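Number of protein chains: 4
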Amino acid sequence: MAHVPTEVRRQQFIEAAIEVIAREGADGATTRKIAEAAGAPLATLHYCFQTKENLLWAIFEHLHQIVQADLEAAVPDARPAADIAADLLNGTMRRAASEPAANRAQVEIWLWAERNDPAMAVKQYDTYLQAWMGFLRAATPPLPEERLETVVRVIFGLIDGLNMQLITHGDEEMILRETATATAMLTAYLGD
Amino acid sequence: MAHVPTEVRRQQFIEAAIEVIAREGADGATTRKIAEAAGAPLATLHYCFQTKENLLWAIFEHLHQIVQADLEAAVPDARPAADIAADLLNGTMRRAASEPAANRAQVEIWLWAERNDPAMAVKQYDTYLQAWMGFLRAATPPLPEERLETVVRVIFGLIDGLNMQLITHGDEEMILRETATATAMLTAYLGD
Amino acid sequence: MAHVPTEVRRQQFIEAAIEVIAREGADGATTRKIAEAAGAPLATLHYCFQTKENLLWAIFEHLHQIVQADLEAAVPDARPAADIAADLLNGTMRRAASEPAANRAQVEIWLWAERNDPAMAVKQYDTYLQAWMGFLRAATPPLPEERLETVVRVIFGLIDGLNMQLITHGDEEMILRETATATAMLTAYLGD
Amino acid sequence: MAHVPTEVRRQQFIEAAIEVIAREGADGATTRKIAEAAGAPLATLHYCFQTKENLLWAIFEHLHQIVQADLEAAVPDARPAADIAADLLNGTMRRAASEPAANRAQVEIWLWAERNDPAMAVKQYDTYLQAWMGFLRAATPPLPEERLETVVRVIFGLIDGLNMQLITHGDEEMILRETATATAMLTAYLGD
DNA sequence: TATGAATGAGCCTTCATTCAT
DNA sequence: CATGAATGAAGGCTCATTCAT
Chain A
1 MAHVPTEVRR
11 QQFIEAAIEV
21 IAREGADGAT
31 TRKIAEAAGA
41 PLATLHYCFQ
51 TKENLLWAIF
61 EHLHQIVQAD
71 LEAAVPDARP
81 AADIAADLLN
91 GTMRRAASEP
101 AANRAQVEIW
111 LWAERNDPAM
121 AVKQYDTYLQ
131 AWMGFLRAAT
141 PPLPEERLET
151 VVRVIFGLID
161 GLNMQLITHG
171 DEEMILRETA
181 TATAMLTAYL
191 GD
Chain B
1 MAHVPTEVRR
11 QQFIEAAIEV
21 IAREGADGAT
31 TRKIAEAAGA
41 PLATLHYCFQ
51 TKENLLWAIF
61 EHLHQIVQAD
71 LEAAVPDARP
81 AADIAADLLN
91 GTMRRAASEP
101 AANRAQVEIW
111 LWAERNDPAM
121 AVKQYDTYLQ
131 AWMGFLRAAT
141 PPLPEERLET
151 VVRVIFGLID
161 GLNMQLITHG
171 DEEMILRETA
181 TATAMLTAYL
191 GD
Chain C
1 MAHVPTEVRR
11 QQFIEAAIEV
21 IAREGADGAT
31 TRKIAEAAGA
41 PLATLHYCFQ
51 TKENLLWAIF
61 EHLHQIVQAD
71 LEAAVPDARP
81 AADIAADLLN
91 GTMRRAASEP
101 AANRAQVEIW
111 LWAERNDPAM
121 AVKQYDTYLQ
131 AWMGFLRAAT
141 PPLPEERLET
151 VVRVIFGLID
161 GLNMQLITHG
171 DEEMILRETA
181 TATAMLTAYL
191 GD
Chain D
1 MAHVPTEVRR
11 QQFIEAAIEV
21 IAREGADGAT
31 TRKIAEAAGA
41 PLATLHYCFQ
51 TKENLLWAIF
61 EHLHQIVQAD
71 LEAAVPDARP
81 AADIAADLLN
91 GTMRRAASEP
101 AANRAQVEIW
111 LWAERNDPAM
121 AVKQYDTYLQ
131 AWMGFLRAAT
141 PPLPEERLET
151 VVRVIFGLID
161 GLNMQLITHG
171 DEEMILRETA
181 TATAMLTAYL
191 GD
């Protein structure tokens, strides 16, 4: 079979795994199903990741990096906090709505991670938290530092909650409508 | 063994299963582990529920009924929408924070149900939706009918999101603080 | 399938396993082969022993008990040490020669045990040692206490060595001839 | 990588394999573990030996040659049979005690060989047998020809048995003490 | 020649479920 | 009714070996 660098193979497996996990959950996603979805023999999957656990953490990391990359592309600038928050919320939800499999897998993996290594889950959560707090800190007029964390946490809550609904209904249009409502709420709260 | 009515047995299994599911997820909760947690022979579990799927749906139903009972106890009355919403949100989150296992199992079962019979999940979701819309409809001054659904959906989103954070951090105090922030947001949005 | 108490099933598996191990070694004796030799489904083997390791230790124990039972049946009495030693050596080798599978499995299991839990192997070895020392202690005229252990150890060495040859040649007649030579040697050494 | 002549490579693998086999048995010694112990890529092992079986036979041969070389260095001379036998026994056990890994691997490989090609095992056994019989034939006064074989076989038994104890206890001092006892036994038997 | 990449076969184990008493 | 015993199906993983470069 075509000789492919292991790193590339790994990406193929990760992609395939995300689809399977979205469909069957983290536990239901057997290595055999994932290998089949990737069009590769089972043994190749284990050649690349050794264990299923490794693969799942790699996916965890992968999904993390996608978000991370997006955030790094954004440039924090001096606007009202409400606008910044609205942008972040809308951007995130639009992406989620456009990639339902990744979105669903994200939640499944999250729960799996939380079950298998809670500390790791918290650590990653905090990475996001710090990043978003950084964005809001650039707001003009500035938000009082002591409110920053709670505000971000509630925005995260909003995102997670909207995600759960997206998972349940899979209705892109509806979710965007609710995102708008959530945005209005945020604006009402943060802004004048 | 002391004769125990089947219905009681079932409740014991359900209770035990909730704990195991909170710890191991819906797929990771094997019938053996559940039976052991219930202090009953494995065969008895199948004698009561026939299949694992039946048991899981029974739990789904059970958790549903708890919330349902709570709602039915409440009396919709003529107060500002913001107050009603705040009460519902706070009550729900307080209960969630006080029963972490049930809360966690709820999410796991939800995802499981969504995977195995999406229509059923949607149907139950809509039951909640209608109930909460009913509460808000009693508000004075009334909320325009066409905003009702979206508002409730966003509140649900808030709840789900806060729940996810409760699962991740398990920090009761923090979650109540964020619930307060979310409440403030709701109030700001629904008007003073 | 016929309902059989687990303890009986276990014995059947042990018996079957001994044959397979004699043929294929402890590592080469797969649970599938053993189950097949026992005429039982693979899952039943694991129902009875959980793990292959458990099964192997059970065999270890089983073979130990056979010898142990034999020894307990024997009655130490006041004869010359040379006679006692000769009897023990001959009895052991005769049994070994008459049950080649058990004999071979014994060696394989021994090496396996030694690899997986050396302390356990040593402990069992010492049980034998003490038992045989007890027999020789009854000799008349008595052997000096300080020679007892070494003599028994060398007899054990003789047995192990003859066993290895039995394994290699599988020639019962020859081994009995050599056992006679070994006996003569023992007699020459322990006294006239 | 520095170019290394294939013959040297092979020796490195053999050496590494002996260590791994001593630790894990012949079946437990996977080609991966051996390659790792040799500090070489897995594929290189198969490049040198094609199959694991080839490697094991090469080890079998290697261990054989070490003993063979030792024997050839010795010069049979006209001494009492008891002295010659004592020298052979002591020399062999001293070497065994000083190289526990090789000694242990020897036994493992022997059983493996015996399982995979009994005829080959017997053939090698007979090589040793003839060599040692040759030594004893030089004794003065001569041992009757018809006793030669059995005597050597019993000495071999003694060696194998002491080896097994060396494997179990790994106690060099004790084994040399028992070797002395065995020697005394031989001497008593072969006569002064 | 040397070696990362790839893999079919098979291993131990576990699962939900059913059977037999 | 209740439950030890039993099991087909499947799961994660490893192994010796081969391929492709």
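Protein chains in written order, with the UniProt record's numbering: chain A, 1 to 192; chain B, 1 to 192; chain C, 1 to 192; chain D, 1 to 192.
Ideal Cβ placement from N, Cα and C applies to all residues, glycine included.
Keep in mind it's a predicted model, so treat the numbers as computed, not measured.
What are the boundary residues of the alpha helix (DSSP H) that residue i is part of?
{"i": "A/Gly-157", "result": "145-169"}
{"i": "A/Asp-70", "result": "52-73"}
{"i": "A/His-3", "result": "A/His-3 -> no alpha helix (DSSP H), and no H or E assigned at all."}
{"i": "B/Gly-91", "result": "81-98"}
{"i": "B/Gly-134", "result": "118-137"}
{"i": "D/Thr-31", "result": "31-38"}
{"i": "B/Ala-188", "result": "172-190"}
{"i": "D/Thr-44", "result": "42-49"}
Which residues in the same chain as residue i place their Cβ atom closer than 7 Å to its Cβ, once the five residues preceding and following it in sequence are excluded?
{"i": "D/Met-1", "result": "Only weak support is given to the placement of D/Met-1: the predicted model assigns it a pLDDT of 48, under 50, and the value that follows is read from those uncertain coordinates. If we look at D/Met-1 and ignore the five residues flanking it on each side, it has no Cβ neighbours."}
{"i": "C/Gly-134", "result": "Pro-76"}
{"i": "B/Leu-148", "result": "Met-133, Leu-136, Arg-137"}
{"i": "B/Arg-32", "result": "Leu-42"}
Count the other CB atoms, across all protein chains shown, that sit within 10 Å of the CB of residue i; report buried if there are 16 or more and exposed otherwise.
{"i": "A/Gln-165", "result": "buried"}
{"i": "A/Glu-146", "result": "exposed"}
{"i": "A/Thr-30", "result": "exposed"}
{"i": "D/Ala-78", "result": "exposed"}
{"i": "D/Ala-43", "result": "exposed"}
{"i": "D/Ile-66", "result": "exposed"}
Nearest by alpha-carbon distance to residue i: which of the options is it?
{"i": "D/Val-152", "options": "D/Ala-85, D/Glu-172, D/Leu-162, D/Trp-57", "result": "D/Ala-85"}
{"i": "C/Ile-155", "options": "C/Ala-82, C/Ala-78, C/Leu-176, C/His-62", "result": "C/Ala-82"}
{"i": "A/Ala-26", "options": "A/Gln-12, A/Glu-7, A/Lys-52", "result": "A/Lys-52"}
{"i": "A/Asn-90", "options": "A/Asp-160, A/Ala-16, A/Gly-28, A/Phe-60", "result": "A/Asp-160"}
{"i": "A/Glu-99", "options": "A/Asp-171, A/Ala-113, A/Glu-24, A/Arg-9", "result": "A/Asp-171"}
{"i": "B/Gln-181", "options": "A/His-64, A/Leu-162, A/Met-185", "result": "First, the amino acid is wrong: residue 181 of chain B is Thr here, not Gln. Looking at the Cα atoms, A/Met-185 is the closest of the given residues."}
{"i": "C/Trp-57", "options": "C/Asn-116, C/Gln-12, C/Glu-24, C/His-169", "result": "C/Asn-116"}
{"i": "A/Thr-187", "options": "A/His-169, A/Thr-127, A/Leu-88, A/Asp-126", "result": "A/Leu-88"}
{"i": "D/Thr-127", "options": "D/Gly-28, D/Glu-61, D/Val-8", "result": "D/Glu-61"}
{"i": "C/Leu-45", "options": "C/Tyr-189, C/Ala-16, C/Leu-190", "result": "C/Ala-16"}
{"i": "C/Tyr-189", "options": "C/His-3, C/Pro-80, C/His-64", "result": "C/Pro-80"}
{"i": "A/Arg-94", "options": "A/His-3, A/Arg-10, A/Thr-183", "result": "A/Thr-183"}
{"i": "B/Thr-168", "options": "A/Thr-168, A/Asn-163, A/Pro-118, A/His-169", "result": "A/Pro-118"}
{"i": "B/Trp-112", "options": "A/His-3, A/Ala-113, A/Val-8, A/Gly-28", "result": "A/Gly-28"}
{"i": "C/Glu-24", "options": "C/Ala-131, C/Gly-191, C/Ala-101", "result": "C/Ala-101"}
Can you find the residues in the same chain that come closer than 6 Å, C-beta to C-beta, to residue i, ignoring five residues on each side of it along the sequence?
{"i": "A/Phe-49", "result": "Leu-55"}
{"i": "C/Thr-92", "result": "Ile-159"}
{"i": "B/Leu-63", "result": "Gln-106"}
{"i": "A/Gln-12", "result": "Ala-38"}
If you drop the 5 nearest sequence neighbours on each side, which residues of the same chain put their C-beta closer than 8 Å to that of residue i?
{"i": "D/Thr-6", "result": "Cys-48"}
{"i": "residue 201 of chain D", "result": "Any question about residue 201 of chain D goes unanswered here, given that chain D covers just 1 to 192."}
{"i": "A/Leu-129", "result": "Glu-149, Val-152, Arg-153, Phe-156"}
{"i": "D/Ile-59", "result": "Ile-14, Ala-17, Ile-18, Ile-21, Ala-105, Ile-109"}
Evaluate the contact criterion for the stretch 114-131 of chain D versus the stretch 32-49 of chain D: three or more CB pairs, one atom per stretch, below 8 Å.
no
Given 8 Å as the limit, is there contact between the stretch 8-24 of chain D and the stretch 97-114 of chain C, that is, 3 or more CB pairs closer than that?
no
So, does the stretch 142-150 of chain B touch the stretch 58-77 of chain B, judging by three or more C-beta pairs under 8 Å?
no
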